[in-house]
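The letter at position 142 of the sequence shown is residue 622 when you use the numbering used here, and the numbering goes up by one with no holes.
Glycine included, each C-beta is placed from N, C-alpha and C at the ideal position.
For reference, the structure is listed below as structure tokens.
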Amino acid sequence: MTELRTILHATLASGVTCFAVGAWLLPATGLAAVRPPLSQLLLDMLLTSAVVSLPRFLVRAGVARRALKGGEGTRRVLIAGAGTAGGMLVKQIDTHPRLGLIPVGFVDDDLAKQGHKLHGLPVLGTLSETARVCGELAVDELLVAMPTVRGEVLRALVTAATASGVRTRTLPSIGDILSGKFDPFALRQVEIQDLLRREPVRIDLASVQSLAMERTVLVTGAGGSIGSELCRQVAGLEPARLVLVGHGENSIFGIQQELTQRWPHIRLEAVIADVKDAGQMRRTFERWQPYSVFHAAAHKHVPLMEDNIAEAVRNNILGTRNVVTAAAEFGVEHLVMISTDKAVRPTSVMGATKRVAEQLVQMVAEEQDRNFVAVRFGNVLGSRGSVVPTFLKQIADGGPVTVTHPEMRRYFMTIPEAVQLVLQAGALGQGGEVFVLDMGEPVKIADLAADLIRLSGKEVERHRDPLQRHAARRKLYEELFFDAEHASPTGHSEGAPRQERGAPHRGHHRGGDLIHAAEEGGPRRPALAAPSVVPDYEATLAGAR
């Protein structure tokens, strides 16, 4: 009906315009003889409306008839969200009848909309009544038209739809729309990131731009999950030059090609280098003289680092020392090191090495009056080797999905969200702070596995992880701060980083002991030195002897 109304309005406007021209303009110019009769104008309006409208209604009638007969290629859809996005989605469906989607109505929590119609479709109930509506109206698909919906609401909708045997698709989030990654009305499958969706982070764009605009920016670990997203977001800030430092040639080549295609005007420098090589780091910094540095190169896998302690120490501690030392020597104005919540009272070698790396950054910031900071956050969805890809592979293989402990909880963020806050922390830093990202509420790993199984539409069992060799090194609950009363907000919007004040950094002076043990001792020797360097290190050392 909306489209018919538009057609009638257009033809009426055209007819009125023609009548006005014939009634006043033509006589005034001496052309009254060519003025068409009123009957001809009315007939023209009628025929135009019919010719424009009829094909559309014939196509829709065919689709509707197939839907009523249960024909192949048509799906009855329920739309969650009777707001602007829901209305626009209905228009899109009406405009593209060949999609075979037949909207049956809306569900929405706005009580004022209950019993009313939007674009001719009724609001059939609240979001909590989704399962009932799906069952009563034989719905085939639930379309979520709420770009700002919170994760827990979307999780409840997916659960209700799955229980009714209904698939779920969603419109992109506001963040995805603004980033240009998705068309505003491009429906897609619900992903695990959607179930953790929070309020969009608002960053101070002006201060963040000051880190990069028309400057030289260097990113270590540029081919990794965090490093590559840092490169993308920094490129969007229009730097004069972006230096990509990484050890893996294939990953560096991949991000270089992507950035070249998206930002062809930015000068890119790809440097295949190992942060453990002090001379190579010094030469790189001397050549490119970066203004800002983001140090994302690190080993991060807890079980692997328990079996490769010396390499964890060399890469995470020695590598950070080399980068920070070169940055201080060659006048870097801003340095941000990516850290982890596992650095707080660490129970693993990886966490202990990242704690020492934080202390190294604090030491140089204090002793040389540098604007160097660390940013600490939890697990990042979608990063290589993280729990989500592992679960997805187990589900694809038919299961079982293995969980280390049913009560284990972790903080999660999406990669773009985390990098936005890393940039904000870099702009806020005065030197020596450890910023802690607002990760929201921790998520049960068992619940995360259940969500992924539900989204897959498969029946897969969940088992306790049989690989318990390093389970003692994994906390059930991660911490973000050493001492909560020392954590203070930065004064920016909700979701912005918080900074930890007064964090001890006495261990940095003996970090060299770990490096020496890694280079001179046996492969597990550094673990024995860790408690003396990181007093908070709570690991059981029996396995290190």
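**Request:** Could you pull out every residue in the same chain whose Cβ sits closer than 6 Å to the Cβ of A640, ignoring the five residues on either side in sequence?
**Result:** Indexing the sequence shown from 1 puts residue 640 at position 160. These residues qualify, in order along the chain: T610 and A611.
**Asked** Relative to the C-alpha of D1050, which residue among K924, E913, G734 and T884 is closest?
**Response** What is shown of the chain runs 481 to 1025, which leaves residue 1050 out entirely.
**L901 versus A618 - alpha carbon distance** = Here the question's residue 901 lines up with position 421 in the sequence shown. Here the question's residue 618 lines up with position 138 in the sequence shown. Cα-Cα distance, rounded: 44 Å.
**Prompt:** Skipping 5 residues on each side, what residues in its chain have a beta carbon closer than 8 Å to that of T491?
**Reply:** In the sequence shown, counting from the first residue as 1, residue 491 sits at position 11. M525, T528, S529 and V532.
**Asked** Between T800 and the rest of its own chain, which residues show a CB-CB distance below 6 Å, the 5 nearest in sequence each way excluded?
**Response** In the sequence shown, residue 800 corresponds to position 320, counting from 1. Only A837 and L840 meet the Cβ criterion.
**Request:** Report yes if the C-beta distance between V638 and V587 is below 8 Å; otherwise report no.
**Result:** If you number the sequence shown from 1, residue 638 lands on position 158. If you number the sequence shown from 1, residue 587 lands on position 107. Against a cut-off of 8 Å, the Cβ pair of V587 and V638 comes out as no contact.
**DSSP beta-bridge partners of G726** = As a position in the sequence shown, residue 726 is number 246, starting the count at 1. Partner(s): I752.
**Asked** CB-CB under 7 Å to V496, same chain, minus the five flanking residues each way: which ones, in chain order?
**Response** Along the sequence shown, one-based indexing puts residue 496 at 16. Hits under 7 Å: none found.
**Request:** Ignoring anything shorter than 4 residues or poking outside the region 742–804, list the alpha helix (DSSP H) runs there in chain order.
**Result:** 758–768, 782–787 and 789–793
**Asked** I875 and V883: beta carbons closer than 8 Å?
**Response** Position 395 of the sequence shown, counted from the first residue, corresponds to residue 875. Position 403 of the sequence shown, counted from the first residue, corresponds to residue 883. Contact flag unset, no.
**For F871, the first and last residue of its enclosing alpha helix (DSSP H)** = Against the sequence shown, residue 871 aligns to sequence position 391. That run of the alpha helix (DSSP H) goes V867 to A876.
**Item:** alpha helix (DSSP H) segments (min. 4 residues) lying fully within the region 689–724
**Value:** 705–715
**Message:** Please state whether the Cβ-Cβ distance between L623 and L667 is less than 8 Å.
**Reply:** Translated into positions along the sequence shown, residue 623 becomes position 143. Translated into positions along the sequence shown, residue 667 becomes position 187. Cβ atoms of L623 and L667: closer than 8 Å.
**Request:** Go ahead and label Q769 buried or exposed: buried means 16 or more other beta carbons lie within 10 angstroms of its beta carbon, across all protein chains shown.
**Result:** For the purposes of this step, residue 769 is taken as residue 289 along the sequence shown, with counting starting at 1. Classification for Q769: exposed.
**Asked** Cα separation between F774 and I818?
**Response** Within the sequence shown, the letter at position 294 stands for residue 774. Within the sequence shown, the letter at position 338 stands for residue 818. Roughly 8 Å between the two C-alpha positions.
**Item:** P602 - DSSP class collapsed to helix/strand/coil
**Value:** Residue numbering aside, residue 602 sits at position 122 when the sequence shown is read from its first letter. P602 falls in the strand class under three-state DSSP.
**Asked** Is the CB-CB distance between A905 and S687 below 8 Å?
**Response** As a first step, residue 905 must be located in the sequence shown, where it is residue number 425. As a first step, residue 687 must be located in the sequence shown, where it is residue number 207. Not closer than 8 Å, so no.
**Message:** The alpha helix (DSSP H) that contains G585, what's its start and end?
**Reply:** Here residue 585 refers to the residue found at position 105 of the sequence shown. It is not in any alpha helix (DSSP H) - G585 instead sits in the beta strand (DSSP E) that spans L581 to V587.
**Asked** Based on Cα-Cα distance, which residue from V714, I933 and V860 lies nearest to P922?
**Response** Taking the sequence shown and counting its residues from 1, the one referred to as residue 922 is at position 442. Measuring from the Cα of P922, the nearest candidate turns out to be V860.
**Message:** Taking the alpha-carbon of A592 as reference, which of P583, V584, L604 and L581 has the nearest alpha-carbon?
**Reply:** Within the sequence shown, residue 592 is the residue found at index 112, counting from 1. Nearest C-alpha to A592: L604.
**Request:** With a cut-off of 8 Å on the beta carbons, I'd call L569 and L698 a contact; round off their distance for me.
**Result:** Here residue 569 is taken as the residue at index 89 of the sequence shown, counted from 1. Here residue 698 is taken as the residue at index 218 of the sequence shown, counted from 1. So it is not a contact: roughly 44 Å between Cβ atoms.
**Request:** Grab me the residues of A562's own chain with a C-beta within less than 6 Å of its C-beta, minus the 5 sequence neighbours each way, in chain order.
**Result:** As a position in the sequence shown, residue 562 is number 82, starting the count at 1. Around A562: F586, D588, K593, L598 and V603.
**Asked** Using the C-alpha atoms, what's the distance from K780 back to I797?
**Response** In the sequence shown, the residue the question calls residue 797 occupies position 317. In the sequence shown, the residue the question calls residue 780 occupies position 300. One C-alpha to the other measures close to 12 Å.
**Request:** Taking all protein chains shown into account, decide if L534 is buried (16 or more other Cβ within 10 angstroms of its Cβ) or exposed.
**Result:** The residue labelled residue 534 in the question sits at position 54 within the sequence shown. Exposed, because fewer than 16 other Cβ atoms sit within 10 Å of the Cβ of L534.
**Message:** Is the separation between the beta-carbon of G701 and that of A776 shorter than 8 Å?
**Reply:** Position 221 of the sequence shown, counted from the start, is the residue given in the question as residue 701. Position 296 of the sequence shown, counted from the start, is the residue given in the question as residue 776. Yes, the Cβ-Cβ distance between G701 and A776 is below 8 Å.
**Asked** Among Q910, L601 and T870, which has the Cα closest to the Cα of L932?
**Response** What you label residue 932 is simply residue 452 of the sequence shown in a count that begins at 1. Of the listed residues, the one whose Cα sits closest to L932 is T870.
**Prompt:** For H814, is the classification buried or exposed, using 16 other Cβ atoms within 10 angstroms of its Cβ as the cut-off for buried?
**Reply:** As a first step, residue 814 must be located in the sequence shown, where it is residue number 334. Under this definition H814 is a buried residue.
**Asked** Beta-carbon separation of M893 and F915 under 8 Å?
**Response** The residue labelled residue 893 in the question sits at position 413 within the sequence shown. The residue labelled residue 915 in the question sits at position 435 within the sequence shown. No, these two residues do not count as a Cβ contact at 8 Å.
**Request:** Mark A720 as exposed unless 16 or more other C-beta atoms lie within 10 angstroms of its C-beta, in which case mark it buried.
**Result:** Position 240 of the sequence shown, counted from the start, is the residue given in the question as residue 720. So A720 counts as exposed.
**Message:** Check for me: the beta strand (DSSP E) holding R555 runs from which residue to which?
**Reply:** Position 75 of the sequence shown, counted from the start, is the residue given in the question as residue 555. R555 to A560 is the extent of the beta strand (DSSP E) around R555.
**Request:** Using DSSP bridges, identify the partner residues of T833.
**Result:** As a working note, residue 833 is residue 353 in the sequence shown. In DSSP, T833 forms no bridge with anything.
**Prompt:** What's the call for Q842, buried or exposed, on a 16-neighbour Cβ count within 10 Å?
**Reply:** For this step, residue 842 is matched to residue 362 along the sequence shown. Buried, since its Cβ has 16 or more Cβ neighbours within 10 Å.
**Identified DSSP bridge partners for M893** = Reading the sequence shown from its first residue, position 413 is the one you call residue 893. Its beta-bridge partners are V860.
**Asked** Thinking just about the alpha-carbon of each residue, which of R712, H745, L722 and D754 is nearest to the one in E729?
**Response** Within the sequence shown, the letter at position 249 stands for residue 729. For the residues R712, H745, L722 and D754, the minimum Cα distance to E729 belongs to D754.
**Prompt:** Between V793 and S828, is the Cβ-Cβ spacing less than 8 Å?
**Reply:** Along the sequence shown, read from residue 1 onward, the residue named residue 793 stands at position 313. Along the sequence shown, read from residue 1 onward, the residue named residue 828 stands at position 348. The answer is no: Cβ separation not under 8 Å.
**Request:** Quick one: residues in its chain with C-beta nearer than 6 Å to the C-beta of A929, no 5 flanking neighbours on either side, listed in chain order?
**Result:** For the purposes of this step, residue 929 is taken as the residue at position 449 of the sequence shown. Around A929: F871, V881, V883 and R942.
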